[in-house]
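Numbering (the working numbering), first residue to last: 950 to 1236.
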């Protein structure tokens, strides 16, 4: 449970970093790419074993970091586009509700069993995520724009399910740091290709604030994945319970941090979501 708590804390620090980007006028895309470079470096620094390109190239899980790295950048841009077209709440709900996908996959692929009370807790968790994420009076999505949140939902779910698969089938305890590091490394590489294409039309400008923002984001970003993998490895709870607790706790803690640090105001629906999140955590974790 300690690793799960640390994963939630790391993910909450990511939320704080993004909030501070607005305060200090940091360009998110460039900070994101810098953050992936930093996260990659942190992983290799923590890895005890020798790092050999030829050895890593022959790892059975190599395709994992490559695909996840590309997905990280693609989903980030889809989230940004969704927020612009349909609103921040739509993007947030689509991302967080994706926890349903790894939960279902855990049951179907790995034969995990959930008690009736845990199933109720997971359903409540989905409702809690929806209510806590709404920052507008209502969510409306134009039919033409429906594809964007759907892709964000599916993409986020595929990322979590892929992490679950590689932890379950391929990774040893010793390989977790270098696997996490390579995910961020390929995300950085994909990001550099992306901004390289953009640079054809718009020249790049190196900004110290963007680099510092990327460093502040990169460290907790690495540990959010690292501790999540460790939590899955512990085997105390099923992966369905782990993903539910992780996502719901992040929503709940981030919401409370928003109130305390950034003076955010919550609607009655938001508070209902927080209370439901607490209830769902109790049901999933204790039963």
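Ideal placement from N, C-alpha and C gives every residue a C-beta, glycine not left out.
Note that the coordinates shown come from a computational prediction; the quantities given were computed from them, not determined experimentally.
Going by C-alpha to C-alpha distance, which of 1203, 1131, 1006 sits closest to residue 957? 1203
Any alpha helix (DSSP H) of 4 or more consecutive residues that is wholly inside the region 1177 to 1235: 1188 to 1211, 1217 to 1235
Scan the region 1121 to 1166 and note each continuous alpha helix (DSSP H) run of 4 residues or more that stays entirely inside, going in chain order. Fully enclosed alpha helix (DSSP H) runs of 4 or longer: 1125 to 1147.
Top-ranked residue by Cα proximity to residue 1026, from 1074, 1140, 991: 1140
Roughly how many whole angstroms lie between the Cα atoms of residue 1066 and residue 1221? A straight line joining the alpha-carbon of residue 1066 with that of residue 1221 spans about 20 angstroms.
Proximity to residue 1191 [Cα-Cα], best of 1235, 1010, 1152: 1235
Please name the residue in 973, 1123, 967 whose C-alpha comes closest to that of residue 1157. 973
Would residue 1022 and residue 1128 qualify as a contact pair, given that the criterion is a beta-carbon distance under 8 angstroms? no
Can you tell me the Cα-Cα spacing of residue 990 and residue 1130, whole angstroms? Straight through space, the alpha carbons of residue 1130 and residue 990 are spaced by roughly 7 angstroms.
Neighbour-count burial assignment, residue 1150, 16 or more Cβ in a 10 Å radius: exposed
Alpha carbon to alpha carbon, how far is residue 1034 from residue 1111? Give it in angstroms, no decimals. Their Cα atoms are separated by approximately 28 angstroms.
In the region 971 to 1047, which residue ranges form an unbroken beta strand (DSSP E) of at least 3 residues, counting only runs that do not cross its ends? none
Proximity below 8 angstroms, CB of residue 1046 to CB of residue 1102: Contact flag set, yes.
Report the rounded CA-to-CA distance for residue 1010 versus residue 1115, giving the unit in angstroms. 7 angstroms
Please return the same chain residues whose Cβ sits closer than 7 angstroms to the Cβ of residue 1181, not counting the five positions on each side in sequence. 1113, 1116, 1188, 1191
From this set, 1206, 1122, 1078, which residue's C-alpha is nearest residue 1228's C-alpha? 1078
Assuming residue 1159 contacts residue 980 (C-beta within less than 8 angstroms), just tell me the rounded distance between them. 5 angstroms
Beta-carbon within less than 7 angstroms of residue 1044's beta-carbon, same chain only, minus the 5 sequence neighbours each way: which residues are those? 1028, 1101, 1105
Classify residue 1061 as helix, strand or coil using the three-state DSSP reduction. Residue 1061: coil per DSSP, three-state reduction.
Helix, strand or coil for residue 950, going by three-state DSSP, please let me know. coil
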